[in-house]
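One structure below.
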DNA sequence: TAGATACTGAACCATACGGTTCACTATAAC
DNA sequence: GTTATAGTGAACCGTATGGTTCAGTATCTA
């Protein structure tokens, strides 16, 4: 029934993990302005290239960033899949929940009706 | 300019961190069916009460779960704030990005126009 | 071709995280 | 009032994570 949610949970979970870090959020923010190299991202973050590279790999595996090698520099830009996965999971969860609350409410209404019937 | 995004980033980040764990996702899924005690959550997860309690605290601090003590048991149910924060951050990010892409496209169109003018 | 630049990978280190056990408190149940 | 149950907190442990340095490799640039 909620199989499609479970299937997506894995990749959404990876996106959530990638989003759960201030450095990576800052990188995404910066990439919102346009693509950048590892050096350009590492500098402002006050971090070594190696350190930033690790973050980029995590973002890339989560589908939040796409990269490609251009000569000796690696070009990074925003991807969409990861964001879509995470947003989809959240929306589905909230949608399911509202449905469930509505069913609950209906059930309560029904019970009230039954009580009224019995009291007649 | 994107101050409101930064302000929310902290709490959204906390929600993302809380969502980045399979046990906690399972707990949220279970709570979607209705409230539960710590014991009821710990059992199926094959975990000690203490372990589950820690997860619940993390979910609670992220605004994904609300709890209250009833006698000697602690009742847990879904909250909404955390989900809202996370969804809001994601939506805002995607919205900003689309805007930025549109501006980029316009700029390119404009450049093409200028080139045509010059070639006349 | 020599030297500088941009990354990359391996190894290492400190701390955070997910889990446990154990000892304790508070509430139910008999 | 005694005993069982539900949760809590402190302390501990192994592993994952975020960072570094160092020693390469590949690609510019002069």
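Residue numbers (this note's numbering), protein chains in the order written: chain A, 1 to 120; chain B, 1001 to 1120.
Every residue, glycine too, gets a C-beta built ideally from N, C-alpha and C.
All of these numbers come straight from a predicted model, not from anything done at the bench.
Extent of the continuous alpha helix (DSSP H) run through residue i
i	result
residue 50 of chain A	49-61
residue 29 of chain A	22-31
Residues bridged to residue i [DSSP beta-bridge criterion]
i	result
residue 66 of chain A	A:77
residue 37 of chain A	A:75
Three-state class that DSSP yields for residue i in the structure shown
i	result
residue 1010 of chain B	helix
residue 43 of chain A	helix
Within 8 angstroms, do at least three Cβ pairs link the region 1039-1057 of chain B to the region 55-72 of chain A? no
Contact list for the region 31-62 of chain A against chain B, Cβ threshold 7 angstroms: 32
Return the residues of the region 1082-1108 of chain B that lie within a Cβ-Cβ distance of less than 9 angstroms from chain A, sorted by chain order. 1083, 1084, 1086, 1087, 1089, 1090, 1091, 1093, 1094, 1096, 1097, 1100 and 1104
Could you name the residues of the region 14-25 of chain A whose beta carbon sits closer than 7 angstroms to any beta carbon of chain B, in the order they occur along the chain? 16, 17, 19, 20, 22 and 25
When you compare the region 30-37 of chain A with the region 1086-1101 of chain B, are there three or more beta-carbon pairs, one atom per stretch, that lie closer than 8 angstroms? yes
Taking 8 angstroms as the threshold, find out whether the region 1102-1109 of chain B comes into contact with the region 1022-1029 of chain B through three or more Cβ pairs. Output reads no: the region 1022-1029 of chain B does not touch the region 1102-1109 of chain B.
Counting beta carbon pairs with one atom in the region 1062-1069 of chain B and one in the region 107-118 of chain A, are three or more of them shorter than 8 angstroms? Contact between the region 107-118 of chain A and the region 1062-1069 of chain B is absent, with fewer than three C-beta pairs closer than 8 angstroms.
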